[in-house]
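What follows is a short report on a single structure.
Residue numbers (the numbering used here), protein chains in the order written: chain A, -11 to 292; chain B, 476 to 1015.
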């Protein structure tokens, strides 16, 4: 197991190198620069700024300098937000995205697995149709519709929550719900499929024949195998839920990393774009590794 | 399943019980005298010598004060850090007398040296200030800013003693005091603080963090969470603290205008920065007490690439301009009380209204087009309208596309580009007709007309006219206002005759304001000096 993890970690180094290189050059290939503005910038001022941020050096030199910084873990200063570094920005916004993503994922698993198991227990029953129907709706409703809808009902009409912001504990509810419902729907469908397959297998029949209780069969025997599709979905989903929350963060005015990622591309904030891309790459590699480990641990057919 | 439902209901109830039908944030803030202000974008920084935006102005104006300040109703210059000032008869030397009781938020006295050093800082090339040209009326400021002279003692700024500052100008600049009151580039920073956090003549300093910030304005910076909130609270060291009625302001950078409007409805904001166009009519009808529409010192116009073969004949440009029904655009497309624009400078800008005016005249337009060799639009290639991606710009472009087709028989196509790409295209004059906006930096026709100087980076149309340049330069050094305005009138007449731009409408600011906000007046720069504002909960 140790060798497996070490080998996987070694593999990530070239991946990150390629990601950093592509991001570095692609952001510079885009038309428009970080200092372009509606009001023209005098050439001498632009020269000074370029010199300060090292943009006056040849591109190859900039690239090598950047790689050197990257190895030391320094992502550089933000071009747009003059008094902040990219490291600081990630450090202050990522925990917010993590919290939002964690809550949403928790909700997704709680509702998704429950609904999926209930549906699988009585396939093609009314309960199955209700659970599948709701999860299908969840998949079809985009977050930019669901979010404002929830705000309309719970913030503007019932006045239970705030319409935006990230200050009190109650401010977490609506965004986590919005983000979680979509994933809950996927989890429910995957759970239902996985459980249906497992419940029809011989060892379940054997367990039933030996007189095991229904609860024991579900929780002890079936769930372990039935959740495998959910687990493999969870890796990319966890990464996606944490990195892809731009829409939610905009609708609910949440100071998370997703918003920074998108706005930094609009701002041509070179260091910020490249820094966040590299950070996301690390995150995705890490989640996939985690999923691989959990999968081997749950599935007796696989080995490290 | 039943137990799950029950559990969910209980959860919802539990969450709701803590907050069901609770007081809104605005109601709480009214009691505490804290203004909740929607400020659109996260500020770049809070260093007045580094930033460029309008949102930044609102925050910095709570933290710093200039020698002169703004009157809350008219924005006319009133005493600020300086209690009085004298202007020499030739209008070239200004002497400011700084109040003895003016203090920085750390207790240090505010002196003339602070201002002298600050002006030197913003003009130092290595700082890379984007707005340093605001100080170019000062003697030798332009040369120093461009690195042509390096001796700061040659600048027209001199601290005679701790409380007397003398400014010497290149030319009499009648709008100087307005500019000093309204524009943050003219306000002082506390150099000893900046020096503690690195080189004061380089960007990227951390002195603007809440734990470091030292200001001389009515409020001090207490908290700054990026993309979430910036809180300022009353500064007890401010010279006029006794007359500041708010206890603080919370600036909320809400980028999405739909989210902002919802936050206002949920009682989380006293003021929004904008209002979606689609909501204006609904507010007008159902909630007019919240809706504010203020005239704004800005012009929405189309640049015309005068180097393009199809557009180099000014008769074609006039035909395109005359065929646009601006009244219809402001009434049916923008709907926010905008005024149709038939000149570049907004009417009555400090007493100046352009004598030359464009017109809406379809028959005349048809005739001009025929004279130019394109009867009924025949032979003229389709005109491409270039704009930055936005629903509102698209709607206006479509309306104009229709008007040109219907009134002139001229085809038009639309091309939208993402903001920075759009700027790039525009700077390279790689377009036919391109949407633009210009907001005045100070109330004077010069802030509009100077953008069309042949050497201005803001021209971007390829248009150059030596007589126009000469008139503007002459106006810059005119000795009295009447003579100056006369020169500017002539310049604007040339601009509107040559027409490298098609003005469409004069901007308004459309926003929501909670009725509890008092002493808030419509102003043409959307400035509302916060030291005069207060909240009265009873007014609902």
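The beta-carbon is built from N, C-alpha and C at its ideal position, and this holds for glycine as well.
Asked	Found
Inter-residue spacing [alpha-carbon to alpha-carbon] between residue 119 of chain A and residue 217 of chain A	18 Å
Inter-stretch contact at 8 Å, needing at least 3 Cβ pairs: the stretch 742 to 755 of chain B / the stretch 953 to 964 of chain B	no
Burial state of residue 22 of chain A (16 or more Cβ within 10 Å)	buried
For residue 622 of chain B and residue 951 of chain B, the rounded distance between their alpha carbons	23 Å
Limits of the unbroken beta strand (DSSP E) element including residue 240 of chain A	Note, residue 240 of chain A: premise wrong, no beta strand (DSSP E); not H, not E.
C-alpha distance - residue 213 of chain A paired with residue 124 of chain A, whole-angstrom precision	23 Å
8 Å CB neighbourhood of residue 745 of chain B in its chain, flanking five on each side removed	501, 504, 510, 511, 512, 988, 989, 991, 992 and 1010
The stretch 893 to 905 of chain B touching the stretch 752 to 762 of chain B, judged by at least three CB pairs closer than 8 Å	no
Short CB-CB distance (under 8 Å) between residue 64 of chain A and chain B	no
Residue 909 of chain B: contacting residues in chain A (beta-carbon distance under 9 Å)	What residue 909 of chain B touches in chain A: nothing, since even the nearest Cβ is about 12 Å away.
From A:148, A:97, A:146 and A:27, residue whose alpha carbon lies closest to that of residue 171 of chain A	A:97
Spatial neighbours of residue 586 of chain B in its chain, beta-carbon cut-off 8 Å, leaving aside the 5 residues before and after	573, 634, 637 and 638
Local conformation of residue 861 of chain B per DSSP, three classes	strand
Same chain, Cβ closer than 7 Å to residue 247 of chain A, five either side skipped, listed in chain order	234, 237 and 238
Limits of the alpha helix (DSSP H) - the one that residue 978 of chain B falls within	No alpha helix (DSSP H) holds residue 978 of chain B; the beta strand (DSSP E) holding it covers 976 to 987.
Residues that DSSP places opposite residue 454 of chain B in a beta bridge	Outside the displayed span of chain B (476 to 1015) sits residue 454 of chain B, for which this structure offers no information.
Cβ pair residue 545 of chain B, residue 680 of chain B closer than 8 Å	no
Whole-angstrom distance between residue 651 of chain B and residue 962 of chain B, CA atom to CA atom	18 Å
Meets three-Cβ-pair contact criterion under 8 Å: the stretch 605 to 621 of chain B and the stretch 714 to 722 of chain B	no
Short CB-CB distance (under 8 Å) between residue 899 of chain B and chain D	Given the protein chain composition of this structure (A and B), no chain D is represented.
Status (buried if at least 16 other CB within 10 Å, exposed otherwise) for residue -7 of chain A	exposed
Assigned secondary structure, residue 769 of chain B (DSSP; H/G/I helix, E/B strand, else coil)	strand
Chain A contacts made by the stretch 757 to 786 of chain B, where a contact means CB separation under 8 Å	none
Three-state secondary structure assigned by DSSP to residue 676 of chain B	coil
Residue 33 of chain A at chain B interface by Cβ criterion, 8 Å	yes
8 Å Cβ cutoff, residue 150 of chain A in contact with chain B	yes
Counterpart residues of residue 912 of chain B in DSSP-defined beta bridges	B:775
Cβ contact (3+ pairs, closer than 8 Å) linking the stretch 528 to 547 of chain B and the stretch 686 to 695 of chain B	yes
Whole-angstrom distance between residue 673 of chain B and residue 13 of chain A, CA atom to CA atom	31 Å
Contact under 8 Å by Cβ, residue 436 of chain B with residue 840 of chain B	Look at the range of chain B in this structure, 476 to 1015, and you will see that residue 436 of chain B is not part of it.
Cβ shell of residue 24 of chain A (< 8 Å), same chain only, five flanking positions each side left out	256
Residue 61 of chain A vs residue 53 of chain A beta-carbon contact at 8 Å	no
Strand pairing of residue 195 of chain A, partner residues [DSSP]	Paired residue(s): none; residue 195 of chain A is not in a bridge.
Rounded Cβ spacing between residue 726 of chain B and residue 700 of chain B (contact assumed at less than 8 Å)	Contact doesn't hold; Cβ gap of about 11 Å is too wide.
Under 9 Å by beta carbon: chain A residues contacting residue 601 of chain B	36, 39 and 40
Rounded C-alpha distance that separates residue 975 of chain B from residue 780 of chain B	7 Å
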